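Trainee:
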Amino acid sequence: MDDLIKQAAGDLAAACNVVALTGAGISTESGIPPFRGKGGLWEKFDPMEIAHIDAFMKDPARVWNLLVKEMKAIVDTARPNDGHKGLAKLEQMGKLKTVITQNIDGLHQAAGNTDVIEFHGNFAWQRCMDCSQKYETRQVDISQIPPRCRCGGILRPDAVFFGEMIPQDAMWRSKQAASDCDLMLVVGTSAVVQPAALMPLFAKETGAKIIEINPEETPLTVEVSDYLIKGRAGEVMNQILQELKPAI
Ligand SMILES: [Zn+2]
0 MDDLIKQAAG DLAAACNVVA LTGAGISTES GIPPFRGKGG LWEKFDPMEI
50 AHIDAFMKDP ARVWNLLVKE MKAIVDTARP NDGHKGLAKL EQMGKLKTVI
100 TQNIDGLHQA AGNTDVIEFH GNFAWQRCMD CSQKYETRQV DISQIPPRCR
150 CGGILRPDAV FFGEMIPQDA MWRSKQAASD CDLMLVVGTS AVVQPAALMP
200 LFAKETGAKI IEINPEETPL TVEVSDYLIK GRAGEVMNQI LQELKPAI
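Written as structure tokens, this is what we have:
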């Protein structure tokens, strides 16, 4: 483990264009439960029933009551943890250029990363379905469900529901970023869901190093990653940064 931390610090010191690909695992230390897997929201709910765009269009109040209100309560109070902060520090050091994330919690931006590509949109914002005006989720008054825009339109999360397309510019920009990087950090994701799963492959294809930070092995570990540092994102990032500071 210590050797791998040293190796990661060395690889980061030598890299000029680092991209991070992140998933639910980086945000669990901020109290955000994952959707998939053990203890995930989808164990409690059928996503097709409450997180599909058709379900929202049919009955926005129901989806607000069953899902969006609960997510708002979680995201409103969540703060970046050492995993997010570590990636922000790597950007300040001039190493990290882009974060590609499957998360919708907005915590990378809150930590200070400035180029964040979000495959699934951002739940920190709500959008009017009529006039597209955006409101910060934290500021939205939910005494009436569904909450409404000043124009009377219904507010929806500025995130991607099941049944909706991943934004095209996110697809294009992430492919570009992955192909251009010389080191990719894969943090807190098993990267089995598309299009995230493709990003390490694009990076690898152009010769980038792939460093995985995850508590467990993933399908990437054997085939794609150069090495896996087993552990929680925050702890591992802290150790790497400690090692890296004297190195650059
Ligand atoms: Zn409106």
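For what it's worth, numbering that gives the first Met the number 0 labels the leading residue of the sequence shown as 0, then goes sequentially.
Every residue, glycine too, gets a C-beta built ideally from N, C-alpha and C.
No experiment lies behind these values; they were computed from the predicted model shown.
1. Judging by CA-CA distance, which residue of Phe161, Asp75 and Ala207 is the nearest neighbour of aspartate 225?
2. Is any non-hydrogen atom of ligand 1 found closer than 7 Å to the C-beta of aspartate 248, if you look at the structure I gave you?
3. Have a look at arginine 137 and aspartate 104 and give me their C-alpha separation to the nearest angstrom.
4. Compute every distance between the C-beta of glutamine 125 and the non-hydrogen atoms of ligand 1, then say whether any falls below 7 Å.
5. Is the number of C-beta pairs between the region 127-147 and the region 56-72 that are closer than 8 Å three or more?
6. If you follow the beta strand (DSSP E) that glycine 120 is in, where does it begin and where does it stop?
7. Can you tell which of Met236, Glu242 and Lys244 has its C-alpha closest to the C-alpha of aspartate 81?
8. If you follow the alpha helix (DSSP H) that glutamate 48 is in, where does it begin and where does it stop?
9. List in chain order: all unbroken beta strand (DSSP E) runs of 3+ residues lying wholly within the region 55-104.
10. Is any non-hydrogen atom of ligand 1 found closer than 7 Å to the C-beta of aspartate 157, if you look at the structure I gave you?
11. Taking its Cβ as the centre, do 16 or more other Cβ atoms sit within 10 Å of alanine 249, making it buried, or is it exposed?
12. Can you tell me whether alanine 7 is buried or exposed? The criterion is at least 16 other CB atoms within 10 Å of its CB, across all chains shown.
13. When you compare the region 191-207 with the region 10-23, are there three or more beta-carbon pairs, one atom per stretch, that lie closer than 8 Å?
14. Tell me where the beta strand (DSSP E) around valine 18 begins and ends.
15. Taking the alpha helix (DSSP H) that methionine 198 falls in, what are its first and last residues?
16. Can you check which of these residues, Val62, Gln241 and Glu48, is closest to proline 146 by C-alpha distance?
17. Closer than 7 Å: is that where the CB of glutamine 143 sits relative to any heavy atom of ligand 1?
18. Using 8 Å as the cut-off, can you tell me whether the region 165-183 makes contact with the region 92-108, which would need three or more C-beta pairs spanning the two stretches below that distance?
19. Please classify threonine 188 as buried or exposed, where buried requires at least 16 other C-beta atoms within 10 Å of its C-beta.
20. Helix, strand or coil: how does DSSP classify proline 218 here?
21. If you measure between the beta carbons of isoleucine 209 and valine 223, is that distance less than 8 Å?
22. Name the DSSP beta bridge partners of phenylalanine 160, please?
23. With a threshold of 16 other CB atoms inside 10 Å of the CB of glycine 85, please say whether the residue is buried or exposed.
Mentor: The structure says:
1. One-based indexing of the sequence shown puts residue 225 at position 226. Ranked by how close their Cα comes to the Cα of aspartate 225, the residues Phe161, Asp75 and Ala207 have Ala207 in first place.
2. Given that the chain is displayed from residue 0 to residue 247, the structure contains no residue 248 and the question cannot be resolved.
3. Locating residue 137 in the sequence shown gives position 138, where the first residue counts as 1. Locating residue 104 in the sequence shown gives position 105, where the first residue counts as 1. Roughly 12 Å between the two C-alpha positions.
4. The sequence position of residue 125 within the sequence shown is 126, counting from 1. Remark: the C-beta of glutamine 125 is outside contact range of ligand 1, defined as less than 7 Å to any heavy atom.
5. Taking 8 Å as the limit for Cβ pairs, the verdict is that the region 56-72 does touch the region 127-147.
6. In the sequence shown, counting from the first residue as 1, residue 120 sits at position 121. For glycine 120, the enclosing beta strand (DSSP E) begins and ends at 120-127.
7. Position 82 of the sequence shown, counting from 1, holds the residue named residue 81. The shortest Cα separation from aspartate 81 among Met236, Glu242 and Lys244 belongs to Met236.
8. Against the sequence shown, residue 48 aligns to sequence position 49. Note, glutamate 48: alpha helix (DSSP H), 46-49.
9. Counting whole runs of 3 or more residues, the region 55-104 contains the beta strand (DSSP E) stretches 95-100.
10. Residue mapping note: residue 157 aligns to position 158 of the sequence shown, counting from 1. A distance criterion of 7 Å places the beta-carbon of aspartate 157 beyond contact range of ligand 1, judged by its closest non-hydrogen atom.
11. No answer is possible for residue 249: it lies beyond the span of the chain, which begins at 0 and ends at 247.
12. As a position in the sequence shown, residue 7 is number 8, starting the count at 1. Classification of alanine 7: buried, given that the 10 Å Cβ count is 16 or more.
13. In short, these stretches touch, since the Cβ pair count reaches three.
14. One-based indexing of the sequence shown puts residue 18 at position 19. Counting along the chain, valine 18 sits inside the beta strand (DSSP E) bounded by residues 17-21.
15. Mapped onto the sequence shown, residue 198 falls at position 199. Segment 197-204, the alpha helix (DSSP H) holding methionine 198.
16. For the purposes of this step, residue 146 is taken as residue 147 along the sequence shown, with counting starting at 1. Taking only the C-alpha atoms, the option nearest proline 146 is Val62.
17. As a position in the sequence shown, residue 143 is number 144, starting the count at 1. Taking the Cβ of glutamine 143 as the reference point, every heavy atom of ligand 1 lies at 7 Å or farther away.
18. With the cut-off at 8 Å, the region 165-183 and the region 92-108 touch.
19. Position 189 of the sequence shown, counting from 1, holds the residue named residue 188. Flag for threonine 188 reads buried.
20. Taking the first residue of the sequence shown as position 1, residue 218 is located at position 219. Here proline 218 carries a helix assignment [DSSP, helix/strand/coil].
21. On the sequence shown, residue 209 is found 210 positions in, with the first residue counted as 1. On the sequence shown, residue 223 is found 224 positions in, with the first residue counted as 1. Taking 8 Å as the Cβ cut-off, isoleucine 209 and valine 223 qualify as a contacting pair.
22. Position 161 of the sequence shown, counting from 1, holds the residue named residue 160. Answer is none; phenylalanine 160 lacks a bridge partner.
23. Indexing the sequence shown from 1 puts residue 85 at position 86. Buried, because 16 or more other Cβ atoms sit within 10 Å of the Cβ of glycine 85.
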